[in-house]
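Participant: One structure, pasted below without further comment.
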Amino acid sequence: MKFFRFGLFQMTTVGGLLAMGLSSCETNSDFEPVDTTRDAAATAEMIIPSGFLRTDYAPLTRWMDERFEVEYRNMTPELIFDQAPIADIRYDTRSLPKDAPLFHLTSNSISRREILYKVSEFWDLDMSIEAEGDTPSYVLVSGR
Numbered sequence: 015m016k017f018f019r020f021g022l023f024q025m026t027t028v029g030g031l032l033a034m035g036l037s038s039c040e041t042n043s044d045f046e047p048v049d050t051t052r053d054a055a056a057t058a059e060m061i062i063p064s065g066f067l068r069t070d071y072a073p074l075t076r077w078m079d080e081r082f083e084v085e086y087r088n089m090t091p092e093l094i095f096d097q098a099p100i101a102d103i104r105y106d107t108r109s110l111p112k113d114a115p116l117f118h119l120t121s122n123s124i125s126r127r128e129i130l131y132k133v134s135e136f137w138d139l140d141m142s143i144e145a146e147g148d149t150p151s152y153v154l155v156s157g158r
């Protein structure tokens, strides 16, 4: 299966509802194909905003981008940050959603940054790296 770094969207109205579909990109030579079976990091680049939990602190960058096999089932906002492999750093959580839906995630190759991005999108959370001095100290997680 091929995915592309860029896509063209078409919008049509169906029965009063707005429907969006991805048009075929394989015939357009302006698109660079990405083989997601071999380059999971390239796939992540397409999904995660470039500034999400980015830092100039190399050890934290390496930690965020290390890849793992994970399976999360029935996670709540209160439980997720205590799970491996993302539990190795400190989180300051504020205003987490109450009675939130349960989070599930299964992947055979995912980075900590991708996990945190999926968590932030699922529960509509803001996340930022906070520093004490020149060294990152914790991730601030807050509900919107």
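Residues 15 to 158 (our numbering) make up the sequence shown, in order. Cβ atoms here follow ideal geometry from the backbone N, Cα and C, with glycine treated the same way.
(1) Are Thr90 and Ala114 touching if we call contact CB-CB under 8 Å?
(2) Residues bridged to Leu139 by DSSP?
(3) Report, in whole angstroms, the separation of the C-beta atoms of Arg87 and Ser125, which I expect to be a contact under 8 Å.
(4) Use the C-beta contact count for Arg127: other C-beta atoms within 10 angstroms, 16 or more gives buried, fewer gives exposed.
(5) What is the DSSP secondary structure of Arg127, counted as helix, strand or coil?
(6) Looking at the strands, I want to know which residues DSSP matches up with Met78.
(7) DSSP three-state call for Ala72: helix, strand or coil?
(8) Could you tell me the distance, in whole angstroms, from the CA atom of Ser64 to the CA atom of Glu83?
(9) On the CB-based measure, 16 or more other CB atoms within 10 Å of its CB, does Leu93 come out buried or exposed?
(10) Under 8 Å by Cβ, that's how I've got Ser151 and Asp140 pegged, so tell me the actual separation to the nearest angstrom.
(11) Does the Cβ-Cβ distance between Leu74 and Leu130 come in under 8 Å?
(12) On the CB-based measure, 16 or more other CB atoms within 10 Å of its CB, does Ile61 come out buried or exposed?
(13) Hey, Glu144 and Leu154: beta-carbon distance below 8 Å or not?
(14) In terms of DSSP beta bridges, what is Val11 paired with?
Facilitator: Put simply:
(1) yes
(2) Gly157
(3) 20 Å between Cβ atoms; not a contact.
(4) buried
(5) helix
(6) DSSP output for Met78 lists no bridge partner at all.
(7) helix
(8) 23 Å
(9) exposed
(10) About 17 Å; that fails the 8 Å criterion.
(11) no
(12) exposed
(13) yes
(14) This structure does not reach residue 11, given that the chain is present from 15 up to 158, and the question cannot be answered.
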